[in-house]
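Chains as they are written, first to last, in the numbering used here: chain A, 1 to 172; chain B, 1 to 528; chain C, 1 to 120.
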Amino acid sequence: MAVDLTLVSFFALAALTLVSGAVVAFSRNIIHATVALLGCFLGIAGLYVQLSADFLAAVQVLVYVGGTLTLILFAVMLTARIEDVRTSNTSTGLPVGVALVAALLLVLGKVATTTAWPETPRAPMPSTAKLGHALLGDYLLPFELGSILLLAAMIGAVVLARRAVKRNWEKA
Amino acid sequence: MDSVSFVFALLKIALILGFLVTLTAVLTWVERRQCALIQDRVGPNRAVVYVPGLALKLLAGGGGLGLGAALAAAGMALREHPKAMVVCFAAAAVVALAGVVGAVRVPSGTVGIRLAGMLHPVADGIKFITKEDFVPPNGDRLLHALGPIIALFPALVTLAVVPFGDTLAVQLGAGGNLWSRLAHGRIGWADSLRHYHAAVPRFGMPTLSPDLLPVPLQIVDLDVGILYIFALAGTGIIGAAVAGWSSDNKYALLGGLRAASQMVSYEVAMGLSLVGAFMISSSLRLDDIVRWQSEHTWGIFVQPFAFVLFLATAVAEQKRTPFDAPEGESEIVAGYFLEYSGMKFSMFMMGEYMELIVSSALLVTIFLGGYAIPFVHRDGITLAFGDRVLWQAALPHVALVALSVLVFFGKLLAVCFLQLFIRWTVPRFRYDQVMRLGWRRLLPAALVNMMLTGAALIAVDHASAGIDQALRIAADVCNAVVVLGFAYGGVAFVRFLASRPKPQQELLSTSAQRAHAQGGAHTSPMQA
Amino acid sequence: MLATYAPLFLLFAVAAVLVLGLFFATPLLGAKVPPNAEKMLPFECGAETTGSRHVKLSVKFYMTAILFVVFDVEAIFIYPWAIQFRTLGWVGLATMTGFLATLALALVYCWKKGALEWEH
Numbered sequence: 001m002a003v004d005l006t007l008v009s010f011f012a013l014a015a016l017t018l019v020s021g022a023v024v025a026f027s028r029n030i031i032h033a034t035v036a037l038l039g040c041f042l043g044i045a046g047l048y049v050q051l052s053a054d055f056l057a058a059v060q061v062l063v064y065v066g067g068t069l070t071l072i073l074f075a076v077m078l079t080a081r082i083e084d085v086r087t088s089n090t091s092t093g094l095p096v097g098v099a100l101v102a103a104l105l106l107v108l109g110k111v112a113t114t115t116a117w118p119e120t121p122r123a124p125m126p127s128t129a130k131l132g133h134a135l136l137g138d139y140l141l142p143f144e145l146g147s148i149l150l151l152a153a154m155i156g157a158v159v160l161a162r163r164a165v166k167r168n169w170e171k172a
Numbered sequence: 001m002d003s004v005s006f007v008f009a010l011l012k013i014a015l016i017l018g019f020l021v022t023l024t025a026v027l028t029w030v031e032r033r034q035c036a037l038i039q040d041r042v043g044p045n046r047a048v049v050y051v052p053g054l055a056l057k058l059l060a061g062g063g064g065l066g067l068g069a070a071l072a073a074a075g076m077a078l079r080e081h082p083k084a085m086v087v088c089f090a091a092a093a094v095v096a097l098a099g100v101v102g103a104v105r106v107p108s109g110t111v112g113i114r115l116a117g118m119l120h121p122v123a124d125g126i127k128f129i130t131k132e133d134f135v136p137p138n139g140d141r142l143l144h145a146l147g148p149i150i151a152l153f154p155a156l157v158t159l160a161v162v163p164f165g166d167t168l169a170v171q172l173g174a175g176g177n178l179w180s181r182l183a184h185g186r187i188g189w190a191d192s193l194r195h196y197h198a199a200v201p202r203f204g205m206p207t208l209s210p211d212l213l214p215v216p217l218q219i220v221d222l223d224v225g226i227l228y229i230f231a232l233a234g235t236g237i238i239g240a241a242v243a244g245w246s247s248d249n250k251y252a253l254l255g256g257l258r259a260a261s262q263m264v265s266y267e268v269a270m271g272l273s274l275v276g277a278f279m280i281s282s283s284l285r286l287d288d289i290v291r292w293q294s295e296h297t298w299g300i301f302v303q304p305f306a307f308v309l310f311l312a313t314a315v316a317e318q319k320r321t322p323f324d325a326p327e328g329e330s331e332i333v334a335g336y337f338l339e340y341s342g343m344k345f346s347m348f349m350m351g352e353y354m355e356l357i358v359s360s361a362l363l364v365t366i367f368l369g370g371y372a373i374p375f376v377h378r379d380g381i382t383l384a385f386g387d388r389v390l391w392q393a394a395l396p397h398v399a400l401v402a403l404s405v406l407v408f409f410g411k412l413l414a415v416c417f418l419q420l421f422i423r424w425t426v427p428r429f430r431y432d433q434v435m436r437l438g439w440r441r442l443l444p445a446a447l448v449n450m451m452l453t454g455a456a457l458i459a460v461d462h463a464s465a466g467i468d469q470a471l472r473i474a475a476d477v478c479n480a481v482v483v484l485g486f487a488y489g490g491v492a493f494v495r496f497l498a499s500r501p502k503p504q505q506e507l508l509s510t511s512a513q514r515a516h517a518q519g520g521a522h523t524s525p526m527q528a
Numbered sequence: 001m002l003a004t005y006a007p008l009f010l011l012f013a014v015a016a017v018l019v020l021g022l023f024f025a026t027p028l029l030g031a032k033v034p035p036n037a038e039k040m041l042p043f044e045c046g047a048e049t050t051g052s053r054h055v056k057l058s059v060k061f062y063m064t065a066i067l068f069v070v071f072d073v074e075a076i077f078i079y080p081w082a083i084q085f086r087t088l089g090w091v092g093l094a095t096m097t098g099f100l101a102t103l104a105l106a107l108v109y110c111w112k113k114g115a116l117e118w119e120h
């Protein structure tokens, strides 16, 4: 009689993620596909919570929903006549895609079958403080290199956007 | 999850959501009242319910007498407890008398009930529901529906991690399951425990007894604390962008883009402005931040710049004046909710007011001590400067918790009032000014504040015992300043209420002077 | 896991019911007025609609979003550092100064290149 609520919530979250992912992949309307990403990201955040990675879950929503999704939405909205072109979201390169997905499934299946999964669920533990220690301890170099990566991203963005602005101006 | 914690969770959810929705309605009224006061207008006074005076007389008289009789009956039933009986009888007399006096004083004939415009939110609600539902025919129906839902939902649930009172402790009684133990229990803890507790320092939770059931006055206690609020607030951005896009209107699209762009710009500065507070309390949990403030002093004294930064970014996040370029009616009609009608339009408005309440709650929790009261600790009042205790008084646990809840909501209302006031004080910024302020002023300022806090914290942590002691005394002096400030404010407020403002007429224009010379212009009396 | 998050799920459920109730209030209870051609036009304060609704939008909006993602990721690194700050001490401050200096460089670059301008 006792329903395992953890299991139920896992399947609900997995379903949310997969269905939203399917909409992202198969919707012909690119805006719908973008907004469906919201469900996908939220579902994954929920799965992180289940794995007692609370900080990662918050970051997932903060960066992916608040940042990346907004970025993609802007990109789509700023694209001229995006809605008129109904075929803007057609799939191209089907054979390559199928091959890639098959390879990915193989790797994931291998990982799933060879990993020694813990039998008992772990107690929830706060992860933020541990991350702070790890970032400034064992992973100091990647942490500092991360800032250089961000710097590179920003310079790239500025260069791209400047070029776009200039081109618009030249046209006028 | 056992049934006891389930019921407690449900009660807390009902309290918080009820408070949010009610305060949202009240704030719309307060905002209009404030605006009217500042602009010397009558303000909301048109919503009125006409009631026959006789019915009102009967209601007041009958209600007063009926309630009085019920109270008297309750007093008779409590014969064994003389004190309670006396209180009941006194209350019965007062209620009955009030009812009779009220019945006499209600004028006969039709009476219009206006409640100083308090009926306006109700009238608005009825209007919103009965309006025609409009969906733009060439827009995206699905996304048009999703817009208000994504915008309102995060605003409703963000208050979950904010503690609205000190942890309530229940001493469980003996016997049976948790419910019957709860029924036999009492709020607070056994006296011996409290005496023990009075001996230990000024704070802390007695978790010594296994029979103690702590009930945190907070819907959910997450370790990521405030990141939960930031994450959900970020979700709201999508709502505005989607609403603007799906409305098939270029002004709505522009408004949606402006709103989303402005919200992301200020979210960075908003998040970084609070880092100093996190560094000091070493936690993202709001309860820890309040606890730190209750042990030391209010956050506004240790992070004054952060307070200003957070207030500015919070107003910008809510897209309220002076940051309301996304809905600037003089430029882009009405912004991203232009093509919404009825309750769907109201959902955006409600979301905005709820964000105001949530940001006020954050301001209170992080900078104004949250539910904490200066010099009041878990065992009562301890008036102390540093280690020097001047005066101590024990208070019962239930009184302390009730006081903390009242204080939290009181502070929250005050900060909401302050935030509303900004709207009528500062004119709208131009959009490029808004963006420049966010990226070029507030973001660098937040970063500088963070680094300065870091340097100061290291200095304090390595300070000698003497400096440490001096800092503790300084913190208590700050607390004393808060107490004195509130005492002065309270006295001033009572004096303001007691004073009768003299109506004074300033005749500024020549036409007004001429009219006054001829006996004055006559207008109908304003009913408000 | 569930003991911590169950109240949150409960809150989400109640809030969802509330939001959906509000959402369907007007379509269900509101006035039903037959549509007419005027009403179905995009509302522009009574002015005639000119041109397509797809106005050419400034690429600045996109630029802002990119900047936001970069600084958001930066903030994500800062939060765990902040709550461990008092145990990390000088080392933590020095490390974060290095990290922030790089990002300050990025901010200065954007500033100088005019990416933080919205005037044109």
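Glycine is no exception: its CB is placed at the ideal position from the N, C-alpha and C atoms.
Would you say residue i lies against chain B (beta-carbon separation less than 8 angstroms)?
i: residue 77(A); result: yes
i: residue 25(C); result: yes
i: residue 54(A); result: yes
i: residue 30(A); result: no
i: residue 8(C); result: yes
Return the residue from the list the options that minimises the CA-CA distance to residue i.
i: residue 34(C); options: 135(B), 34(B), 358(B) and 54(B); result: 135(B)
i: residue 447(B); options: 114(C), 102(C) and 113(C); result: 102(C)
i: residue 120(B); options: 182(B), 387(B), 89(B) and 44(B); result: 44(B)
i: residue 388(B); options: 476(B), 369(B) and 372(B); result: 476(B)
i: residue 411(B); options: 478(B), 361(B), 423(B) and 425(B); result: 361(B)
i: residue 92(A); options: 160(A), 21(A) and 28(A); result: 28(A)
i: residue 35(A); options: 284(B), 445(B) and 238(B); result: 238(B)
i: residue 160(B); options: 138(B), 376(B) and 17(B); result: 17(B)
i: residue 15(B); options: 219(B), 100(B) and 32(B); result: 219(B)
DSSP has residue i in a bridge; who is on the other side?
i: residue 388(B); result: 385(B)
i: residue 50(B); result: 112(B)
i: residue 212(B); result: 171(B)
i: residue 529(B); result: The question about residue 529(B) has no answer here: the residues shown for chain B are numbered 1 through 528.
Can you list, in chain order, the residues of its chain whose CB lies under 7 angstroms from that of residue i, leaving out five sequence neighbours each side?
i: residue 95(B); result: 64, 67, 68 and 71
i: residue 242(B); result: 143, 146, 147 and 150
i: residue 103(B); result: 57, 60 and 61
i: residue 401(B); result: 165, 166 and 168
Near residue i, what residues of its chain come up, given a Cβ to Cβ distance below 8 angstroms and the 5 sequence neighbours on each side ignored?
i: residue 8(B); result: 215
i: residue 79(B); result: 85
Establish whether the CB of residue i and some CB of chain C are separated by less than 8 angstroms.
i: residue 22(A); result: no
i: residue 175(A); result: Residue 175(A) is absent from the model: chain A starts at 1 and stops at 172.
i: residue 297(B); result: no
i: residue 158(A); result: yes
i: residue 359(B); result: no
i: residue 101(A); result: no
i: residue 59(A); result: yes
i: residue 130(B); result: yes
i: residue 461(B); result: yes
i: residue 49(A); result: yes
Could you pull out every residue in the same chain whose Cβ sits closer than 6 angstroms to the Cβ of residue i, ignoring the five residues on either side in sequence?
i: residue 181(B); result: 172 and 173
i: residue 204(B); result: Note on residue 204(B): pLDDT 45, under 50, position unreliable in the model; the coordinate value appears next. Correct list: empty, nothing qualifies.
i: residue 252(B); result: 244, 336, 338 and 339
i: residue 42(A); result: none
i: residue 99(C); result: none
Consider the Cβ of residue i: report whether some Cβ of chain A lies at a distance smaller than 8 angstroms.
i: residue 275(B); result: no
i: residue 68(C); result: yes
Of the residues that make up the segment 227-252 of chain B, which ones have a beta carbon closer than 7 angstroms to any beta carbon in chain C? Listed by position along the chain: 227, 248, 249, 250 and 251.
Can you list, in chain order, the residues of the segment 154-172 of chain B whose Cβ is nearer than 7 angstroms to any Cβ on chain C? The segment 154-172 of chain B vs chain C, Cβ under 7 angstroms: 156, 157 and 160.
Just by C-beta distance, which residues in the segment 64-76 of chain A are closer than 8 angstroms to chain B? Listed in sequence order: 65, 66, 67, 69, 70, 73 and 74.
Beta carbons nearer than 9 angstroms to chain A: which residues of the segment 83-99 of chain C have them? Per Cβ criterion, the list reads 83, 84, 85, 87, 88, 91, 92, 95, 96, 98 and 99.
Which residues of the segment 140-153 of chain B have a Cβ closer than 8 angstroms to any Cβ of chain A? Give them in chain order. Those would be 140, 142, 143, 146 and 150, in chain order.
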